[in-house]
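**Student:**
Number of protein chains: 4
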Amino acid sequence: MAKKVLYRLPKIVDSNGRKIIINKLRKYVVDEDEDFQYERGKVTAEEIKRGGQIKKEKDNFLAIPYDLYDVFGKLKRKAQIITDKDAGKIISKTLITKESKVLESGTGSGFLTARLALTGAKVVSVENNKNHYDVAKQNIETLNLNVNLHNVNINDFETNSSFTHIILDLPKPWECVDSMTKMLETGGFLIVYSTNITQAKTFFSHANDYLHIETVELMERSWKITPTYARPKSQSAPHTGFLSFYRKSL
Amino acid sequence: MAKKVLYRLPKIVDSNGRKIIINKLRKYVVDEDEDFQYERGKVTAEEIKRGGQIKKEKDNFLAIPYDLYDVFGKLKRKAQIITDKDAGKIISKTLITKESKVLESGTGSGFLTARLALTGAKVVSVENNKNHYDVAKQNIETLNLNVNLHNVNINDFETNSSFTHIILDLPKPWECVDSMTKMLETGGFLIVYSTNITQAKTFFSHANDYLHIETVELMERSWKITPTYARPKSQSAPHTGFLSFYRKSL
Amino acid sequence: MAKKVLYRLPKIVDSNGRKIIINKLRKYVVDEDEDFQYERGKVTAEEIKRGGQIKKEKDNFLAIPYDLYDVFGKLKRKAQIITDKDAGKIISKTLITKESKVLESGTGSGFLTARLALTGAKVVSVENNKNHYDVAKQNIETLNLNVNLHNVNINDFETNSSFTHIILDLPKPWECVDSMTKMLETGGFLIVYSTNITQAKTFFSHANDYLHIETVELMERSWKITPTYARPKSQSAPHTGFLSFYRKSL
Amino acid sequence: MAKKVLYRLPKIVDSNGRKIIINKLRKYVVDEDEDFQYERGKVTAEEIKRGGQIKKEKDNFLAIPYDLYDVFGKLKRKAQIITDKDAGKIISKTLITKESKVLESGTGSGFLTARLALTGAKVVSVENNKNHYDVAKQNIETLNLNVNLHNVNINDFETNSSFTHIILDLPKPWECVDSMTKMLETGGFLIVYSTNITQAKTFFSHANDYLHIETVELMERSWKITPTYARPKSQSAPHTGFLSFYRKSL
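Protein chains in written order, with the working numbering: chain A, 11 to 260; chain B, 11 to 260; chain C, 11 to 260; chain D, 11 to 260.
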């Protein structure tokens, strides 16, 4: 029973020469074997199965395959997640690929975990909090990804593996730095995600066996674009975190 | 004849209770079969081969494998490149993986191209400018990646393939939008990288067959971190570009 | 019957070694001749008149003179106002002082108008919208400031005066640029506040009689500071506008 | 012997339908009683005295009065100055006017000092460093402003005056906070300018007698505007400082 994403498209009408959008974009996840009922009519299973644009009397629809992007949008969020910009920066800067062996802690809801796994890298992820662990486990299963999840405190985590990348999103990442150093290959990357700058500073003081490459923050601004103007959207720059990049120098 | 990266580590000395860094970090790419001569002595081939920290009388060194990260840092740059933050955002947001089929134009120096290929995706990249094409070709070969490079104007590019993602970094991306639409799967992602906001606005007016998901810019700030304070580095926010994300709705 | 500002101060209690704030800061405007009743007791007129810190059994208060800052916080807001950062930049960059003669349009709710008047400059402000004009008039009277307000379309505004500064916050500032040029002294400043960047670009094309000094935007980030950490507040960077600075070159 | 500012205006020529700017804007400060010689000809004293646009065979000029804005641009800079955006924010937020009594330390090169004095406020400024003091003194004299400058350590500064605003731009502002509290009126503003966020956090821990209103930073982006496009200028966001606003609650 395959799923599809059904968009009700915005409708632009001409009102005395001015273009007005009268319907907002709506997004539904539907079964392609069932008719879709909505307040002003229905889209048939046949139309959904055929896909592409579907023109109805009062509304236009678009049916597209329910793909990874849409699945991601439906994942559960328990803790504050690491967003795509920060995950992307980590992966693109330190070049995480299918050759990489990555250890991450904490797992949180598993959003970074999933993006790491999608690179093809071998991923081990450690989460102390049982609720978060359960949410992450479910999300990773929904995405059908291969990740080694552990519900244990990072300080108690033991392994014979060595890693090329270790990523820490923990309140006190300095507490486990020495055991992390043992698991990381020489020249390997240690990446610390800090929600406040004080954490980043404190970690810096404990990173004696590391080269500090840089600490950055990414600020994202969303822009409103229309045919006639462009401006930053109001309130579009939420704070996420600071990213510190280190290489093991031991 | 394997290569290694040899870092001369910064040296921190105590001067009347104040800690002073007297040597800046220096980075050398060296052959592990040869001694490394420098102004105050030498590091032997044996020491380099053994790797890790190397303590000399006057300086400390670190020898680590010459890996992908170091190779990336040595690639040639001809055109303005798409940086890791923007490449990472594209890959992480639209979830480019080894299942993806990506068309990119222009190739530029091939930095985004390389990061796309490292995901395992099938990558086709089109570049009109012969100089840029040559630089990109050399960079892709240096990285030993599998990319289909074409030295042709995107308007003249023909293919029987269909793509899940098309990424345009062109002065006038709207000129090829109709032929791109033919090559993109329904629901597929069209990503436009615009160095100025006017381009983004003009493209928006030509994107009739697309849902506009969002247009964002990422501003990166680099922080100076020391044991005693943290502050943004001066002049650390260069402008790169605006990222517009569309999905084909036809 | 003098007014005072009465703050109920936050209360920090020790809970097993952790400091917790149990009351949020509250702000009241009170008459100093009347007792202030609140849910857990009262502050007497005598205490309010004496001023400074007032310790009650369950809460601590602070009584300070009701000054300009507090009056500003109570002004009416009808239109989107020009914020203190943008007003401050205009005044500090172009050095508006009591020697200046400033024409502003539109007045909006009068927040920039008021800050201009507080410099001691001669201020003329023109607003087409009657509702906004009324709000601005009331705000300027509340502040007891001397401003020449006109409820007329800027295109119909006539004067024999010349100005050292003209500030435009209008949807289509280019429509009145020629008449503005006539009222502005040679070398005088024309400042255009644009909510979107397209306006700023269009105005630039009409500013033939002007030197364009610069167009900037100020992004403000609010930081959460505590004894133990510092981090940017989430969602703290609303967009306001772009500031274009020109000097008349005719 | 009056001074004028003489601008050589940029020249836009038509080259096969494309507009090209062939001369960059140049700015000269000249005496209006003397001819101005330049590499391709001269502008006569008479032309300069008449002012406005001056069209010569090969170049166009603009002569305008040498005003405060131009004088400001010529002031000496010894220390890192407080920029117009930060000075403007302080003045506009806390509403510094001719009724205000302001104490500032350190004076630095006197840029904030001058802007404070231009509001008409009574300004007292304290600077420990003799070199900075001398520069500031000269700048204040150049601007012909009335400021009370003291070359003394702020910890040794004594006065019988009370202030409505105290502004600290010092490495360790917490060291003088108690003596500042004695000089500040109840409800008065204490504003701390911190170049790093750690200073702001440390000060917060010492500000027991104050309400913390907010700590903000202003990031300024300069935009390149042309008739055909708009984009942020590269490397246009230098870091200046964090502004913490407090009110005395004692």
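Beta carbons: idealized from backbone N, C-alpha and C, even for Gly.
(1) Could you tell me whether the Cβ atoms of valine 219(C) and threonine 250(C) are closer together than 7 Å?
(2) Output, in sequence order along the chain, the residues in the stretch 173 to 192 of chain B whose CB is closer than 8 Å to any CB in chain D.
(3) Given that a residue counts as buried once 16 or more other Cβ atoms are within 10 Å of its Cβ, and exposed if not, what is glutamine 209(D)?
(4) Any beta carbon from chain C within less than 7 Å of valine 23(D)'s own beta carbon?
(5) Going by DSSP, name the residue or residues bridged to asparagine 158(D).
(6) In angstroms with no decimal places, state the Cα-to-Cα distance between glutamate 56(C) and valine 162(D).
(7) Give me the Cα-Cα distance between serine 172(D) and phenylalanine 252(D), rounded to the nearest whole angstrom.
(8) What's the call for valine 187(A), buried or exposed, on a 16-neighbour Cβ count within 10 Å?
(9) What is the C-beta distance between glutamate 137(B) and serine 110(B), in whole angstroms, given that I count them as a contact (C-beta under 8 Å)?
(10) Taking DSSP as the reference, what is the three-state secondary structure of alanine 124(D)?
(11) Near leucine 113(D), which residues of its chain fall below 6 Å by C-beta distance, leaving aside the five closest residues on each side in sequence?
(12) What does alanine 240(C) reach in chain A if we use C-beta pairs closer than 8 Å?
(13) Are threonine 123(B) and isoleucine 106(B) touching if we call contact CB-CB under 7 Å?
(14) Only counting runs of 4 or more residues, tell me where the alpha helix (DSSP H) segments fall wholly within the stretch 53 to 77 of chain A, in order along the chain.
(15) Report the rounded CA-to-CA distance for aspartate 166(D) versus lysine 84(C), giving the unit in angstroms.
(16) Grab me the residues of isoleucine 201(A)'s own chain with a C-beta within less than 8 Å of its C-beta, minus the 5 sequence neighbours each way, in chain order.
(17) Rounded to whole angstroms, what's the CA-CA distance from glutamine 90(D) to serine 102(D)? Just pull it up for me.
(18) What residues match up with serine 254(B) in a beta bridge as DSSP calls it?
(19) Could you tell me the alpha carbon to alpha carbon distance between threonine 152(D) and lysine 88(D), rounded to whole angstroms?
(20) Between the beta-carbon of valine 226(C) and the beta-carbon of glutamate 230(D), is there less than 7 Å?
(21) Along chain B, which residues have their Cβ under 8 Å away from the Cβ of alanine 97(A)?
(22) Let me know if isoleucine 64(B) comes out buried or exposed under the rule of 16 or more other beta-carbons within 10 Å of its beta-carbon.
(23) Would you kindly check if the distance between the Cβ of alanine 146(B) and the Cβ of arginine 125(B) is under 7 Å?
(24) Out of Ser259(C), Gln47(C), Lys211(C), Thr236(C), which one is the CA nearest neighbour of alanine 217(D)?
(25) For threonine 117(A), is the classification buried or exposed, using 16 other Cβ atoms within 10 angstroms of its Cβ as the cut-off for buried?
(26) Here's the rule I'm using: 16 or more other beta-carbon atoms within 10 Å means buried, otherwise exposed. How should aspartate 24(A) be labelled?
(27) With a threshold of 7 Å on Cβ separation, who are the neighbours of asparagine 33(C) within its own chain once the five nearest residues in sequence on each side are excluded?
(28) Let me check understanding here. Comparing Cα to Cα, which of Leu194(D), Phe199(D), Phe121(D) lies closest to glutamate 265(D)?
(29) For threonine 212(B) versus lysine 258(B), is the C-beta spacing smaller than 7 Å?
(30) Closer than 6 Å by C-beta to lysine 95(A): which residues in its own chain qualify, once you throw out the five before and the five after it? Chain order, please.
(31) Leaving out the 5 sequence neighbours to the left and right, which residues in its chain are closer than 8 Å to leucine 35(A) when beta-carbon positions are compared?
(32) Find the nearest neighbour of leucine 260(A) within the set Gly62(B), Phe46(B), Ile223(B), judged by alpha-carbon distance.
(33) Measuring only the C-alpha atoms, how far is asparagine 206(B) from glutamate 49(B)?
(34) Return helix, strand or coil for phenylalanine 213(B), following the three-state DSSP convention.
(35) Could you check the C-alpha separation between tyrosine 76(A) and valine 15(A) for me, to the nearest Å?
(36) Given this structure, state the Cα-to-Cα distance separating tryptophan 184(D) from tyrosine 79(D), to the nearest angstrom.
**Tutor:** Here's the rundown:
(1) Numbered from its first residue, the third sequence carries residue 219(C) at position 209. Numbered from its first residue, the third sequence carries residue 250(C) at position 240. According to the sequence displayed, residue 219(C) carries aspartate and not valine. No, Cβ-Cβ distance for aspartate 219(C) and threonine 250(C) is not below 7 Å.
(2) Using a CB distance below 8 Å, no part of the stretch 173 to 192 of chain B faces chain D.
(3) What you label residue 209(D) is simply residue 199 of the fourth sequence in a count that begins at 1. Flag for glutamine 209(D) reads buried.
(4) Your numbering for residue 23(D) matches position 13 in the fourth sequence. No Cβ of chain C is located within less than 7 Å of the beta carbon of valine 23(D).
(5) Locating residue 158(D) in the fourth sequence gives position 148, where the first residue counts as 1. DSSP lists Val134(D) as partners of asparagine 158(D).
(6) As a working note, residue 56(C) is residue 46 in the third sequence. As a working note, residue 162(D) is residue 152 in the fourth sequence. About 41 Å.
(7) Position 162 of the fourth sequence, counted from the start, is the residue given in the question as residue 172(D). Position 242 of the fourth sequence, counted from the start, is the residue given in the question as residue 252(D). Rounded to the nearest angstrom, the gap between the Cα atoms of serine 172(D) and phenylalanine 252(D) is 26 Å.
(8) Position 177 of the first sequence, counted from the start, is the residue given in the question as residue 187(A). Valine 187(A) should be labelled buried.
(9) Translated into the one-based positions of the second sequence, residue 137(B) becomes position 127. Translated into the one-based positions of the second sequence, residue 110(B) becomes position 100. Actually they are not in contact, since the Cβ atoms of glutamate 137(B) and serine 110(B) sit about 20 Å apart, beyond 8 Å.
(10) Reading the fourth sequence from its first residue, position 114 is the one you call residue 124(D). The three-state secondary structure of alanine 124(D), taken from DSSP, is helix.
(11) Counted from its first residue, the fourth sequence places residue 113(D) at position 103. Only Val134, Phe173, Ile176 meet the Cβ criterion.
(12) Indexing the third sequence from 1 puts residue 240(C) at position 230. Residues of chain A with a Cβ closer than 8 Å to the Cβ of alanine 240(C) are, in chain order, Asn206, Ile207, Thr208.
(13) Working through the second sequence from its first residue, we reach residue 123(B) at position 113. Working through the second sequence from its first residue, we reach residue 106(B) at position 96. The Cβ-Cβ distance between threonine 123(B) and isoleucine 106(B) does not fall below 7 Å.
(14) Along the length of the stretch 53 to 77 of chain A, whole alpha helix (DSSP H) runs at least 4 residues long occupy 55 to 60, reported in chain order.
(15) On the fourth sequence, position 156 is the one that residue 166(D) refers to. On the third sequence, position 74 is the one that residue 84(C) refers to. Distance between the alpha carbons of aspartate 166(D) and lysine 84(C) is about 40 Å.
(16) Numbered from its first residue, the first sequence carries residue 201(A) at position 191. So the list reads Ile100, Thr104, His175, Ile176, Ile177, Leu178, Leu253, Ser254, Phe255, Tyr256, once near-sequence residues are dropped.
(17) Stepping through the fourth sequence from its first residue, residue 90(D) is reached at position 80. Stepping through the fourth sequence from its first residue, residue 102(D) is reached at position 92. Spanning the two alpha carbons is a distance of roughly 22 Å.
(18) As a first step, residue 254(B) must be located in the second sequence, where it is residue number 244. Paired residue(s): Val202(B), Thr225(B).
(19) Translated into positions along the fourth sequence, residue 152(D) becomes position 142. Translated into positions along the fourth sequence, residue 88(D) becomes position 78. Roughly 15 Å between the two C-alpha positions.
(20) Position 216 of the third sequence, counted from the start, is the residue given in the question as residue 226(C). Position 220 of the fourth sequence, counted from the start, is the residue given in the question as residue 230(D). Closer than 7 Å, so yes.
(21) Walking along the first sequence from the start, residue 97(A) turns up at place 87. The CB of alanine 97(A) comes closer than 8 Å to the CB of Gly98, Ser102 in chain B, given here in chain order.
(22) As a first step, residue 64(B) must be located in the second sequence, where it is residue number 54. Here isoleucine 64(B) is buried: its Cβ has 16 or more other Cβ atoms, across all protein chains shown, within 10 Å.
(23) What you label residue 125(B) is simply residue 115 of the second sequence in a count that begins at 1. What you label residue 146(B) is simply residue 136 of the second sequence in a count that begins at 1. No; because the gap between Cβ atoms is not below 7 Å, this pair is not in contact.
(24) Along the fourth sequence, read from residue 1 onward, the residue named residue 217(D) stands at position 207. For alanine 217(D), the closest of Ser259(C), Gln47(C), Lys211(C), Thr236(C) by C-alpha to C-alpha distance is Thr236(C).
(25) As a working mapping, residue 117(A) is identified with position 107 in the first sequence. It is buried - the Cβ of threonine 117(A) has at least 16 other Cβ atoms within 10 Å.
(26) One-based indexing of the first sequence puts residue 24(A) at position 14. With fewer than 16 other Cβ atoms within 10 Å, it is exposed.
(27) Indexing the third sequence from 1 puts residue 33(C) at position 23. Only Arg18, Pro20, Lys21, Asp69 meet the Cβ criterion.
(28) Residue 265(D) lies beyond the residue range present for chain D, which begins at 11 and ends at 260; the question has no answer from this structure.
(29) On the second sequence, position 202 is the one that residue 212(B) refers to. On the second sequence, position 248 is the one that residue 258(B) refers to. Against a cut-off of 7 Å, the Cβ pair of lysine 258(B) and threonine 212(B) comes out as no contact.
(30) Translated into the one-based positions of the first sequence, residue 95(A) becomes position 85. Excluding positions up to five away in sequence, the list reads Leu228, Glu230.
(31) Translated into positions along the first sequence, residue 35(A) becomes position 25. Taking C-beta separations shorter than 8 Å and ignoring five residues to either side along the sequence, the partners of leucine 35(A) in its chain run Tyr17, Arg18, Leu19, Pro20, following chain order.
(32) Walking along the first sequence from the start, residue 260(A) turns up at place 250. Of Gly62(B), Phe46(B), Ile223(B), the residue nearest in Cα terms is Gly62(B).
(33) On the second sequence, residue 206(B) is found 196 positions in, with the first residue counted as 1. On the second sequence, residue 49(B) is found 39 positions in, with the first residue counted as 1. In this structure, the alpha-carbon of asparagine 206(B) lies about 46 Å from that of glutamate 49(B).
(34) The sequence position of residue 213(B) within the second sequence is 203, counting from 1. Three-state result, phenylalanine 213(B): helix.
(35) Position 66 of the first sequence, counting from 1, holds the residue named residue 76(A). Position 5 of the first sequence, counting from 1, holds the residue named residue 15(A). Looking at the two C-alpha atoms, the distance is approximately 5 Å.
(36) Against the fourth sequence, residue 184(D) aligns to sequence position 174. Against the fourth sequence, residue 79(D) aligns to sequence position 69. Cα to Cα, the separation comes out at about 35 Å.
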